[in-house]
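Heads up: the structure comes next, in structure tokens.
2 protein chains.
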Amino acid sequence: MEVLSFDGKVFKKEEVELIKEEPFTIFLNGKEFITLLCYPKDLRELGLGFLKSEGLIGSLSEVKKISFSRDEKDIYIEADISELEERLHEKRIVTTGCGKGSIFYFALDSLKCREKSVKKIYSYIVIQNIMREISRSRGNRSERGLHVCAIYNGERLIIKEDVGRHNALDKIVGYCMLNNIDTDDSIVFTTGRISSEILLKTAKTDASVIVSRSTPTNLAIELAKKLNITVVGYVRGVNLTIYSGEERITTSPSL
Amino acid sequence: MEVLSFDGKVFKKEEVELIKEEPFTIFLNGKEFITLLCYPKDLRELGLGFLKSEGLIGSLSEVKKISFSRDEKDIYIEADISELEERLHEKRIVTTGCGKGSIFYFALDSLKCREKSVKKIYSYIVIQNIMREISRSRGNRSERGLHVCAIYNGERLIIKEDVGRHNALDKIVGYCMLNNIDTDDSIVFTTGRISSEILLKTAKTDASVIVSRSTPTNLAIELAKKLNITVVGYVRGVNLTIYSGEERITTSPSL
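Chains A and B, in that order, give the protein sequences.
For this note's numbering, count along the first sequence from 1 and bump the result up by 4.
For this note's numbering, count along the second sequence from 1 and bump the result up by 4.
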């Protein structure tokens, strides 16, 4: 589109590309379930990942059919969902109310998250290198508004992007489901802040480490300590800070 | 708290302060309405502003009583709310489903937003100066994870902060309600991206300009053009870009 750009001296007309944001509706077993605002890429992954993060589906074997509307703005997912799960989900919505970025349900979420033991260990160098790769993948100016999320399981690195950091993580979750990628004790990377909600969503992927360029909140750290998750923040250039679970990070560059 | 910090050479223990994030529950006329995760400051403003942004209350005259629980984690608001408004709100939740940062209801929202005429005009210099002031107010490293939002009506500048950019804007809305500040044709500033949701929330404050360090999405611009709202993005140093409604921005430094 044409914009009016000022460089400190003159205003001039310029062509720029905007970040795409589109409504995307998930239908579950024939019923409209939710409309997300998202970056319209990897929508199969987003649909599946969202339902998994919400606790409605566990694995791909529960999914019977996935199809799209012709314009690809709607996804239709048929899955084996117990009446109990559906009722619990409805109850959760009714009980806690809902709003923009504001559902909070410690009780139910913490039931689904188990305390992690220390199995895999990662080098801080690996973390820095991956963060650099993510920063590079954010690309040019027009793309800077996108959040990037990644998962690394010691072997594979998967990177996804979206206008929302929750969506980006859901795309990762959906991708790993579709491609049968083991996320147990992996590292989740996010370009956004580490809030309690992202910490809980990370815990549900079975990752044991979360890494960000930004800083965590006190509530995220409280949860991380309870679930024994490693939080590494402020990963910028040569710097980084370990906020919890330091036993999973070695100073050896080779792991 | 104590963290393990790496400066490129050695790991060392360091004391840092974390950003506070706390659950905050709004009770409306005796019923639990929603729990927000927020930065625990300006909670009266947040409670009122949230209800106003959701379309449940219009002005302070509809509010009969505001009180807090002893630990200040709950707010109790009593207000004149018509059965219709409450039913519409419930319907909206049920119809569209809900999730993290994902409610979307064009139809209802666009009913509440009128197309703006061009009444006030602002200089780009004023915009740059205020953005600089906001950046300064973000403070030191420990505070960098907070989103800052501001409103400027040509006379007064109000700045609020929160872990969420929606909460920060709601705090502004609540503050202006409580202090009888005219927000008509004002400028809203945000440190976050300009998504369609923030654009709609801005439109509901009766502001006619939204400004950000970051870039808008295509959907935000589509809505801005429909509602005749000026979008100024990428305000960094001497640079800025006008995406829509350029007739409200002059190149004169004096306005």
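In this text, a Cβ means the ideal position worked out from N, Cα and C, and glycines have one as well.
This structure is a prediction, so every number in the text was calculated from the model and none was measured.
Report the partner residues of residue i according to the DSSP bridge assignment.
i: CYS153/A; result: LYS164/A, THR194/A
i: ALA83/A; result: VAL67/A
i: PHE54/A; result: According to DSSP, which records beta bridges pairwise, PHE54/A is partnered with nothing at all.
i: ILE214/A; result: VAL192/A, VAL235/A
i: PHE15/A; result: PHE10/A
i: THR29/B; result: THR39/B, ASP78/B
i: ILE246/A; result: VAL236/A, LEU8/B
i: PRO44/B; result: In DSSP, PRO44/B forms no bridge with anything.
i: THR219/B; result: THR219/B is not bridged to any residue.
Drop a sphere of 10 angstroms on the beta-carbon of residue i, count the other beta-carbons inside from all chains shown, and report buried for 16 or more, exposed for fewer.
i: GLU49/B; result: buried
i: CYS180/A; result: buried
i: ASN184/B; result: exposed
i: VAL130/A; result: buried
i: LYS45/A; result: exposed
i: GLY168/A; result: buried
i: PHE72/A; result: exposed
i: LYS120/B; result: buried
i: GLY249/A; result: buried
i: GLU76/A; result: exposed
i: GLY178/A; result: buried
i: ARG74/B; result: exposed
i: GLY237/A; result: buried
i: LYS175/B; result: buried
i: GLY34/B; result: exposed
i: SER190/B; result: buried
i: LYS68/B; result: exposed
i: ARG240/A; result: exposed
i: SER63/B; result: exposed
i: SER86/A; result: exposed
i: ASN14/B; result: In the sequence as presented, Asn is not what sits at residue 14/B; that position holds Val. Exposed, because fewer than 16 other Cβ atoms sit within 10 Å of the Cβ of VAL14/B.
i: GLY12/A; result: exposed
i: ARG160/A; result: exposed
i: GLU201/B; result: buried
i: ARG140/B; result: exposed
For residue i, which option in the options has the closest C-alpha, if you only look at C-alpha atoms?
i: GLU66/B; options: LEU182/B, ARG252/B, ALA154/B; result: LEU182/B
i: LYS24/B; options: VAL236/A, GLY237/A, PRO220/A, THR254/A; result: PRO220/A
i: VAL235/A; options: TYR43/A, LYS13/A, ASP84/A, VAL192/A; result: VAL192/A
i: VAL213/B; options: GLY196/B, SER139/B, TYR156/B, ARG197/B; result: TYR156/B
i: ASN243/B; options: ALA83/B, ARG217/B, GLU19/B; result: ARG217/B
i: MET135/A; options: GLY196/A, LEU64/A, ALA83/A; result: GLY196/A
i: GLY149/B; options: LEU173/B, ASP75/B, GLU165/B; result: GLU165/B
i: GLU18/B; options: GLY12/B, LEU8/B, GLU26/B; result: LEU8/B
i: THR254/A; options: MET5/B, PHE10/B, GLU6/B; result: PHE10/B
i: ALA154/A; options: THR194/A, TYR126/A, TYR128/A; result: THR194/A
i: CYS42/B; options: ALA207/B, PRO27/B, GLY53/B; result: PRO27/B
i: ASP188/B; options: GLN132/B, ILE163/B, LYS123/B; result: LYS123/B
i: THR245/B; options: ILE198/B, LEU223/B, ASP210/B; result: ILE198/B
i: LYS205/B; options: PHE31/B, GLY53/B, LYS13/B, LEU22/B; result: GLY53/B
i: LEU32/A; options: LYS56/A, TYR126/A, GLY12/A, GLU6/A; result: LYS56/A
i: GLU90/A; options: LEU203/A, ILE233/A, GLY59/A, ASN133/A; result: GLY59/A
i: MET5/B; options: GLY51/A, SER141/A, LYS229/A; result: LYS229/A
i: PHE37/B; options: GLU21/B, ALA83/B, ILE233/B; result: ALA83/B
i: THR29/B; options: ARG252/B, GLN132/B, GLY51/B; result: GLY51/B
i: GLU251/A; options: TYR126/A, ASN222/A, ILE225/A; result: TYR126/A
i: ILE61/A; options: LYS208/A, TYR247/A, HIS151/A; result: LYS208/A
How far does the beta strand (DSSP E) with residue i in it reach, from first residue to last?
i: ILE176/B; result: Element bounds for ILE176/B: not the beta strand (DSSP E) but the alpha helix (DSSP H), 169–182.
i: THR255/A; result: Per DSSP, THR255/A belongs to no beta strand (DSSP E) and is neither H nor E.
i: VAL130/B; result: Per DSSP, VAL130/B belongs to no beta strand (DSSP E); it is in the alpha helix (DSSP H), 128–141.
i: LYS24/A; result: No beta strand (DSSP E) holds LYS24/A; DSSP gives it neither H nor E.
Where do the N-terminal and C-terminal ends of the alpha helix (DSSP H) with residue i fall, by residue?
i: LYS205/B; result: 200–208
Does at least one heavy atom of the ligand GTP sit under 7 Å from the Cβ of residue i?
i: ARG74/B; result: With respect to the ligand GTP, the structure offers nothing, as it holds no ligand at all.
Shorter than 8 Å from the beta carbon of residue i to some beta carbon of chain C?
i: MET5/B; result: No chain C is present in this structure, whose protein chains are A and B.
For this session: Compile a chain-ordered list of the residues in the region 56–88 of chain A whose CB is closer than 9 Å to at least one CB of chain B.
Result: If the cut-off is 9 Å between Cβ atoms, the region 56–88 of chain A has SER57, GLU58 near chain B.
For this session: Residues of the region 177–207 of chain B with a CB closer than 7 Å to any CB of chain A: list them in chain order, please.
Result: For the region 177–207 of chain B, the set of positions with a beta-carbon nearer than 7 Å to some beta-carbon of chain A reads ARG197, SER199, SER200, GLU201 in chain order.
Problem set entry | Positions along the region 236–258 of chain A whose CB lies within less than 9 Å of some CB in chain B | Residues of the region 236–258 of chain A with a C-beta less than 9 Å from any C-beta of chain B: GLY237, TYR238, GLY241, VAL242, ASN243, LEU244, THR245, ILE246, TYR247, SER248, GLU250, ILE253, THR255, listed in chain order.
Exercise. In chain order, what residues of the region 209–226 of chain A put their CB closer than 8 Å to some CB of chain B?
Worked result: Listed by position along the chain: SER218, THR219, PRO220, THR221, ASN222, LEU223, ALA224, ILE225.
For this session: Pull out every residue of the region 7–18 of chain B whose Cβ sits closer than 7 Å to any Cβ of chain A, in chain order.
Result: Near chain A, meaning a CB-to-CB distance below 7 Å, the residues of the region 7–18 of chain B are VAL7, LEU8, SER9, PHE10, ASP11, GLY12, PHE15.
For this session: Would you list, in chain order, the members of the region 154–167 of chain A that have their beta-carbon closer than 8 Å to a beta-carbon of chain B?
Result: Hits within the stretch, in order: VAL167.
Exercise. If contact means a Cβ-Cβ distance below 8 Å, which residues of the region 34–50 of chain A contact chain B?
Worked result: Listed by position, the residues of the region 34–50 of chain A near chain B (Cβ gap below 8 Å) are GLU36, PHE37, ILE38, THR39, LEU40, LEU41.
For this session: Using a Cβ-Cβ cut-off of less than 8 Å, give me the residues of the region 123–137 of chain B that come near chain A, in sequence order.
Result: Cβ contacts with chain A come from TYR128.
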